[in-house]
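Going by my numbering, the first residue of the sequence shown is number 176, and it counts up by one from there.
By construction, the Cβ of each residue, glycine as well, lies at the ideal position given by its N, Cα and C atoms.
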Amino acid sequence: MSDVTAPPVDNSSENTTIQTTFTVQEIRELLPHRYPFALVDRIIDYEPGKKAVGIKNVTINEPFFPGHIPSLPIMPGVLIVESMAQVGGIVLTLLPGMKGVFFAFAGIDKVRFRRQVIPGDQLVMTVELLTLKRNRIAKMKGEGTVDGELAVQGEMLFSRID
176 MSDVTAPPVD
186 NSSENTTIQT
196 TFTVQEIREL
206 LPHRYPFALV
216 DRIIDYEPGK
226 KAVGIKNVTI
236 NEPFFPGHIP
246 SLPIMPGVLI
256 VESMAQVGGI
266 VLTLLPGMKG
276 VFFAFAGIDK
286 VRFRRQVIPG
296 DQLVMTVELL
306 TLKRNRIAKM
316 KGEGTVDGEL
326 AVQGEMLFSR
336 ID
């Protein structure tokens, strides 16, 4: 069973609000990734301790397209999975007591690609926390869609780096 701890709930004020969206500037404050490896443009939904939904707007100007099938630009699968991992990183970084802690991408399981992701697509990634053990090892499941069509799905492992 999971030993995930939910963030404390403060019922002392009716004005308490939970931030559920994050801009690219706020994402930069939470994750260490920078160009050309910052692969999340926005978090459009966030449930503390549970899941986040992020977007990656894919443009022809991505630095990998000139070398990854120039005549048929396709976003590399490893970068699609890395994008999902970065959304997962948001969930982990916002857990209680994890501010400033970095969880490295440690493994992938059951990943399947169902459609190509190409310039002009908006990749919508939903990543859910499955388990967190001893605040060190996390398992998450994720999926990415384009125009409501499944593009990728799989499970990811993360390891806390001290």
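If we call anything under 9 Å between Cβ atoms a contact, is residue i one with residue j?
i	j	result
residue 230	residue 219	yes
residue 340	residue 331	Residue 340 lies beyond the residue range present for the chain, which begins at 176 and ends at 337; the question has no answer from this structure.
residue 286	residue 252	yes
Could you work out which residue in the options is closest to residue i when comparing CA atoms only?
i	options	result
residue 324	288, 304 and 312	288
residue 215	303, 247 and 256	256
residue 307	278, 285 and 199	278
residue 259	326, 193 and 335	326
residue 208	305, 244, 280 and 329	280
residue 268	225, 329 and 328	225
residue 227	194, 210 and 242	194
residue 336	276, 246 and 198	276
Within the same chain, show all residues whose beta-carbon is closer than 8 Å to that of residue i, passing over the 5 residues directly before and after it, in chain order.
i	result
residue 321	290, 292, 296, 297, 298 and 299
residue 294	233, 234, 235, 237, 240 and 248
residue 196	217, 218, 219, 220 and 221
residue 254	214 and 239
residue 282	331 and 332
residue 188	Reliability of the predicted coordinates at residue 188 is poor, the pLDDT of 48 falling under 50, and no value is obtained from them.
residue 205	197, 264, 265, 268 and 269
For residue i, count neighbouring C-beta atoms within 10 Å of its own C-beta (all shown protein chains included) and say buried if the count is 16 or more, exposed if not.
i	result
residue 183	In this prediction, residue 183 has a pLDDT of 48, which is less than 50 and means its spatial position is unreliable; nothing more can be read from the coordinates.
residue 212	exposed
residue 274	exposed
residue 305	exposed
Output needed for residue i: all residues of its chain with C-beta closer than 6 Å, excluding positions within five of it in sequence on either side, in chain order.
i	result
residue 284	330
If you drop the 5 nearest sequence neighbours on each side, which residues of the same chain put their C-beta closer than 7 Å to that of residue i?
i	result
residue 243	249 and 251
residue 199	216 and 217
Within 8 Å, do at least three Cβ pairs link the segment 305–318 to the segment 253–267? yes
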